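K.L.:
Counting in UniProt numbering, the sequence shown runs from 1 upward without gaps. Using N, Cα and C, we set each Cβ at its ideal position, and we do this for glycine too. Values in this document were obtained by computation on a predicted structure and should not be read as measured data. What follows is a structure written as structure tokens; I'll ask about it next.
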Amino acid sequence: MGSDAAIWAPGWRAGYPRQMSVLVAFSVTPLGVGEGVGEIVAEAVRVVRDCGLPNKTDAMFTVIEGDTWDEVMSVVQRAVEAVAARAPRVSTVIKADWRTGVSDAMTHKVESIERYLADG
1 MGSDAAIWAP GWRAGYPRQM SVLVAFSVTP LGVGEGVGEI VAEAVRVVRD
51 CGLPNKTDAM FTVIEGDTWD EVMSVVQRAV EAVAARAPRV STVIKADWRT
101 GVSDAMTHKV ESIERYLADG
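Structural data, given as structure tokens:
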């Protein structure tokens, strides 16, 4: 799906299509496998990097941006499944920003903060 894809957004009049951007930050933690989990977590990150959507991984979360909820959450599901294939239990934390009329939110949100910091 391209950035011009429209979906039905909850909370709006029936039949009123809106452009959506979905930004999801998530972490996946394998449980019951000991302390060294980096190799297993790397499987989740590999799924995200191979998905074709804009993404970024830091020490705490992986962020993915897409046009629809289903598009982004299907990647999260595959990442969790990759970890679950190697761990008896998986803990997942998810934070989502579902917004209209925005693209490249992953970059623009940080740029906005940097502008405020530069202005003093």
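Tell me whether residue 81 sits in a helix, a strand or coil according to DSSP, three-state version.
P.N.:
helix
K.L.:
When you compare the CB positions of residue 28 and residue 44, do they come within less than 7 Å of one another, or not?
P.N.:
For the pair residue 28 and residue 44, the CB atoms are nearer than the 7 Å cut-off.
K.L.:
Taking the Cβ atom as the reference point for each residue, do residue 83 and residue 51 lie within a distance shorter than 7 Å?
P.N.:
In this structure, residue 51 does not lie closer than 7 Å to residue 83 by Cβ.
K.L.:
Which of the three DSSP states is assigned to residue 119 in this structure?
P.N.:
coil
K.L.:
Do residue 25 and residue 72 have their beta-carbon atoms positioned less than 7 Å apart in this structure?
P.N.:
no
K.L.:
What residues match up with residue 30 in a beta bridge as DSSP calls it?
P.N.:
The partner list for residue 30 (beta bridge, DSSP) reads 90.
K.L.:
Go ahead and pull the three-state DSSP assignment for residue 112.
P.N.:
helix
K.L.:
Find the nearest neighbour of residue 40 within the set 81, 95, 97 and 107, judged by alpha-carbon distance.
P.N.:
81
K.L.:
Identify the residues that DSSP records as bridge partners of residue 65: which are they?
P.N.:
According to DSSP, which records beta bridges pairwise, residue 65 is partnered with 23.
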